[in-house]
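Undergrad: Counting in this note's numbering, the sequence shown runs without a single skipped number right up to 329 at its last residue. Following this message is one structure expressed as structure tokens.
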Amino acid sequence: MVITDWALEDRPREKMLLKGIRSLSNAELIAILIGSGNRRETAVELSQRILNNMGNSLNRLGKVSVQDLTGQFEGIGEAKAISIIAALELGRRRKSEDVLTRRKITCSRDVYDLMYASMVDLPQEEFWIVLLNAANTVLDIIRISQGGTAATLVDVKLVLKPAILQQASSIMLCHNHPSNNATPSQADYELTAKIVSAASFLDIRVLDHLIICESGYYSFADEGRL
Numbered sequence: 104m105v106i107t108d109w110a111l112e113d114r115p116r117e118k119m120l121l122k123g124i125r126s127l128s129n130a131e132l133i134a135i136l137i138g139s140g141n142r143r144e145t146a147v148e149l150s151q152r153i154l155n156n157m158g159n160s161l162n163r164l165g166k167v168s169v170q171d172l173t174g175q176f177e178g179i180g181e182a183k184a185i186s187i188i189a190a191l192e193l194g195r196r197r198k199s200e201d202v203l204t205r206r207k208i209t210c211s212r213d214v215y216d217l218m219y220a221s222m223v224d225l226p227q228e229e230f231w232i233v234l235l236n237a238a239n240t241v242l243d244i245i246r247i248s249q250g251g252t253a254a255t256l257v258d259v260k261l262v263l264k265p266a267i268l269q270q271a272s273s274i275m276l277c278h279n280h281p282s283n284n285a286t287p288s289q290a291d292y293e294l295t296a297k298i299v300s301a302a303s304f305l306d307i308r309v310l311d312h313l314i315i316c317e318s319g320y321y322s323f324a325d326e327g328r329l
């Protein structure tokens with residue numbers, strides 16, 4: 104049975120028009136993106152199988168590549184795979200934009216929420232800084248470096264230069280661990296101490312350093328390690 108044989112209210116596009124977008128399941132939303140299935144599955148059935156393969160996690164689906172999708176699922180070509188990945192990226196950017204409307208930082212969780220969408224799905228380690236004014240309002244968010252799966256090199260001068268140029272009163276340091284293990288390494292401790300020391304000579308406070316993972320985060324400030 105193909106989708107055109109279904110009752111009108113059960114077809115994803117028609118169901119959305121009749122009942123609203125929130126009435127659709129994740130599989131039905133993905134089915135709208137891909138448009139058609141394969142010889143054995145409707146678009147909805149194929150979409151549900153893709154989700155099942157990802158443990159029904161949109162976060163996991165958001166991490167796959169075009170090659171992952173085209174190689175594993177019959178009926179998913181390059182164009183359909185790109186549509187799925189692009190839609191999930193739009194969702195991630197929307198979440199990041201929503202968080203940016205709440206620009207005052209009051210605790211480590213605020214920074215985690217601010218940076219989560221930009222950092223949690225990265226396959227490589229990256230180092231970012233959040234610049235704050237005297238009222239702890241975000242001035243800017245800047246990526247300092249990008250490395251491999253286990254480390255990234257950070258030049259202290261590049262960390263402090265934008266803080267000086269934008270006259271930031273304080274900064275927050277952030278980097279991710281693609282392994283999803285938020286435990287700091289010895290190198291993380293040493294880098295943090297080095298940046299804190301250099302920033303103090305410029306009267307710039309380092310308020311925190313967060314290691315960001317999908318399952319949570321480690322805050323140097325919360326753990327008394329600054």
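Where is the CB? At the ideal position from N, CA and C, for every residue including glycine. Bear in mind that the values here come from a model prediction, so they are computed numbers and not experimental data.
By how many angstroms is the C-alpha of Ile179 removed from the C-alpha of Ile135?
TA: Straight-line Cα distance between these residues: approximately 13 Å.
Undergrad: Tell me the rounded alpha-carbon separation between Arg114 and Leu127.
TA: Their Cα atoms are separated by approximately 10 Å.
Undergrad: Please give the ranges of any alpha helix (DSSP H) in the region 208 to 244, keeping only runs that are unbroken, at least 4 residues long and fully inside the region.
TA: List check, alpha helix (DSSP H) in window: 211 to 222.
Undergrad: Cβ atoms of Ala253 and Glu228: under 8 Å apart, would you say?
TA: It is a contact, given that the beta carbons lie within the stated cut-off.
Undergrad: List, from N- to C-terminal side, the alpha helix (DSSP H) runs of 4 residues or more that fit wholly inside the region 104 to 168.
TA: As far as the region 104 to 168 is concerned, its whole alpha helix (DSSP H) runs of at least 4 residues are 115 to 122, 129 to 137, 146 to 156, 161 to 164.
Undergrad: DSSP three-state label for Leu305, please.
TA: Leu305: coil per DSSP, three-state reduction.
Undergrad: Determine the extent of the alpha helix (DSSP H) in which Ile267 is found, giving its start and end residues.
TA: Taken as a continuous stretch (DSSP letters only), the alpha helix (DSSP H) holding Ile267 covers 259 to 268.
Undergrad: From the DSSP output, read off the bridge partner residues of Asp311.
TA: Per DSSP, Met275.
Undergrad: By Cβ distance below 8 Å, which residues in the same chain neighbour Ile185 in space, the five residues on each side in sequence not counted?
TA: Cβ within range, chain order: Val169.
Undergrad: Any contact between the region 304 to 319 and the region 243 to 261? By contact I mean 3 or more CB pairs, one from each, below 8 Å.
TA: Verdict: no, contact absent.
Undergrad: Between the alpha carbons of Ser332 and Lys118, how many angstroms are there, rounded?
TA: Lying outside 104 to 329, the shown extent of the chain, residue 332 is not represented and no answer is given.
Undergrad: By the three-class DSSP mapping on this structure, what secondary structure does Arg246 have?
TA: Residue state, collapsed to three classes: strand.
Undergrad: CB Leu313 to CB Gln269, shorter than 8 Å?
TA: Cβ distance not < 8 Å, so Leu313 and Gln269 don't count as in contact.
Undergrad: Quick check: the Cα distance between Ile187 and Tyr219, rounded to an integer number of angstroms?
TA: Rounded to the nearest angstrom, the two C-alpha atoms are 20 Å apart.
Undergrad: Need the endpoints of the beta strand (DSSP E) that Ser288 sits in, please.
TA: Counting along the chain, Ser288 falls outside any beta strand (DSSP E), and DSSP gives it neither H nor E.
Undergrad: Does chain B have any CB closer than 8 Å to the CB of Ser288?
TA: Absence of chain B from the displayed structure is noted, only one protein chain being present.
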